[in-house]
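Some notes on the structure that comes next.
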């Protein structure tokens, strides 16, 4: 069974970052952690196109600019897009900038050797760590499903230029030929529907079986991205029986393989079975999915990412995976939109068979997902499931932050469930998330932590500054753990406002934990609103909480929010300044190509006040929020 242990990494907050103004630009992540400064269409001076996502960039560049390691990009030709919100969709009020590296930038030094900043109206952003490098033997390839040819063209040009110069055609060619440091830019001219046949299987755009591909290394990763300003759609059409060797129903399939330092970004995956599936004694390390648009139409599995991330499902397992990143993706509409014939439909299913360390889910939107429930065991959808299988499994350092999960038919989150060892989870940090609203017909618990565990969980769990909205249904938090602390602070819980269910908030423990369990379950400064009935090991307020607000309307800026922005707080909200300062418990972290906010910032990246508000947002408003110019807030 899944067990969660949360351990807080110690990170130093940069004075420059922690003192940014509320409306200062904020850079959150990039599509790749490293890239060459030359090689764009064989140029000696123009390098890779790099995309960054963040906030407060503005809808037009004007006098604003990006700086890479002290080199300011001041010319219009340095940019492919500024403040973009489409191709593919940029969710949750974020924006995207795509710019070109150039040969005046640094190429030496330890990894990561530089940083990216954005300056808007004279105000600089935080620094996003990055690595610029010489092209050396690496290649920048271009792919075009309409005009490309795998055998006739060299792939070094985005359009046909004669004498063998032109784009390649298929994802399978890149799988078979990519080397460390290579980048593939896929044009959006037409839908990619060519299967990769590796001689045994022909089931995916990229058939990554038996290590028939090369990996990247630190500082020279392999990247698969859409061409700047375009979106490449990979469509897996379902050409046979599920799991048959010739059923083309997946975007990427990994079996008996170990992948490391690969990045996938800005692609639109549309599939019958899986967007990404990894199984059969495989592992993944330093793999990134950023800014993707993922959906399906199938009724078999219909999962965005199926990650047997510790070694696969053959039973031998024992491999190690880690540093897995899901950043700014939109996963929606999984399944056929009606009751399926078989499996549940989950955007991310991370399961065991080995050791997994450092997992990052941040800035994603999960939903809407269709109502595909058949019964309690079949069908349905949830944002993600972290699941254990064997006694040797461990999953540690899991960061789930600044996500919005809504309109689904199972628990939005299942953390620590499983059918193997009950002690596989270690440290889990769940903060700044918005959960809700959910499908009113589900009657499923809002959060399942260790459900079905038949022994004491050994996880360290921290749930801070989240907003849980189950206004039309039962809101159950299934805590089935005993040993370590579970901290639940600064959260808003809205449940069963209609009063149509017997129980609105259920917190309970199945397996007879010791009498001193109460000292391990720590709750404070939460707001509970609705028809509240607390069941389980404690009566009254759950876990003998302190500074708890019971049955207080949180006064969201929209009474019944249908998007993330609606969960901001009115000036009259009782949640304002009612929280406890938790900034020292989950500090921010800067990694190459990733800025992971700490609990010192809110859902939109705004620095929290002292004392902070309760819930995901620390900013307030009296009316429904509007986006900055040209930006749609979802």
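Numbering (my numbering), first residue to last: 13 to 646.
Cβ coordinates follow ideal geometry from the N, Cα and C atoms, glycine included.
Remember, predicted model here, so these are calculated numbers, not experimental data.
Given a threshold of 16 other Cβ atoms within 10 Å of its Cβ, counted over all protein chains shown, does residue i qualify as buried or as exposed?
i           : result
residue 366 : buried
residue 85  : buried
residue 105 : buried
residue 285 : buried
residue 150 : buried
residue 138 : buried
residue 70  : buried
residue 216 : buried
residue 507 : buried
residue 14  : Because residue 14 carries a pLDDT of 37, less than 50, the predicted location of this residue cannot be relied on, and the following value inherits that uncertainty. By the neighbour-count rule (16 or more Cβ atoms within 10 Å), residue 14 is buried.
residue 583 : exposed
residue 259 : buried
residue 591 : buried
residue 628 : buried
residue 551 : Residue placement at residue 551 is flagged as unreliable, the pLDDT there being 38, under the threshold of 50; the coordinate-derived value follows with that caveat. Exposed, because fewer than 16 other Cβ atoms sit within 10 Å of the Cβ of residue 551.
residue 265 : buried
residue 87  : exposed
residue 466 : Because residue 466 sits at a pLDDT of 43, beneath the cut-off of 50, its placement in the model cannot be relied upon, and the point is left open.
residue 16  : The pLDDT assigned to residue 16 is 32, lower than 50, so where the model puts this residue is not dependable; a value taken from the coordinates is nonetheless given after this. Residue 16 comes out buried.
residue 563 : exposed
residue 72  : exposed
Kindly indicate which residue of the options has the alpha-carbon position closest to the one of residue i.
i           : options            : result
residue 5   : 411, 406, 343      : Because residue 5 is not part of the residues shown, which for the chain are 13 to 646, the question remains open.
residue 450 : 138, 393, 247      : 393
residue 359 : 418, 401, 77, 564  : 418
residue 132 : 153, 140, 79, 169  : 79
residue 60  : 46, 135, 604, 500  : 46
residue 7   : 541, 249, 575, 250 : Because the chain is modelled from 13 through 646, residue 7 falls outside the range shown and cannot be assessed.
residue 243 : 303, 295, 267, 222 : 303
residue 474 : 291, 201, 503      : 503
residue 238 : 200, 439, 41       : 200
residue 609 : 202, 585, 339, 52  : 339
residue 596 : 605, 613, 604      : 613
residue 206 : 162, 223, 224, 241 : 162
residue 95  : 241, 50, 184       : 241
residue 341 : 308, 399, 280, 110 : 280
residue 413 : 395, 441, 407      : 441
residue 273 : 295, 291, 253      : 295
residue 247 : 182, 74, 211       : 182
residue 407 : 362, 593, 423      : 362
residue 53  : 173, 99, 212       : 173
residue 74  : 225, 93, 373       : 93
residue 209 : 224, 38, 202, 198  : 224
residue 420 : 346, 114, 561, 101 : 346
residue 5   : 606, 605, 537, 604 : Summary: the structure shown does not reach residue 5, with the chain confined to residues 13 through 646, and so no result is reported for it.
residue 431 : 190, 309, 443, 397 : 397
Assuming the contact rule is C-beta atoms closer than 8 angstroms, residue i and residue j should be a hit. Round their C-beta distance to whole Å, please.
i           : j           : result
residue 289 : residue 262 : 6 angstroms
residue 589 : residue 623 : 5 angstroms
residue 63  : residue 103 : That pair is no contact at about 15 angstroms.
residue 572 : residue 483 : 7 angstroms
residue 481 : residue 447 : 7 angstroms
residue 166 : residue 177 : 6 angstroms
residue 535 : residue 67  : Actually they are not in contact, since the Cβ atoms of residue 535 and residue 67 sit about 31 angstroms apart, beyond 8 angstroms.
residue 235 : residue 188 : Rounded, the Cβ-Cβ distance is 16 angstroms, inconsistent with contact.
residue 146 : residue 83  : Wrong, their Cβ atoms sit about 15 angstroms apart, outside the cutoff.
residue 219 : residue 193 : About 22 angstroms; that fails the 8 angstroms criterion.
residue 306 : residue 336 : About 15 angstroms; that fails the 8 angstroms criterion.
Quickly, what does DSSP pair residue i with across the bridge? List them, please.
i           : result
residue 613 : 619
residue 48  : 145
residue 504 : 479, 539
residue 305 : 280, 342
residue 53  : Beta-bridge pairing links residue 53 to no other residue.
Uninterrupted beta strand (DSSP E) stretches inside the stretch 107-166 (no shorter than 3 residues) = Within the stretch 107-166, the runs of beta strand (DSSP E) that reach at least 3 residues and sit entirely inside it are, in chain order, 107-114, 126-132, 140-145, 152-155.
query = Can you give, in chain order, each stretch of the beta strand (DSSP E) that sits fully within the stretch 192-246 and has at least 3 residues?
reply = For the stretch 192-246, the full-length beta strand (DSSP E) segments reaching 3 residues or more read 195-198, 216-221, 234-238 along the chain.
request  = Taking only runs that begin and end inside the stretch 559-616, name each unbroken beta strand (DSSP E) of 3 or more residues, in chain order.
outcome  = Correct list: 601-603, 606-608.
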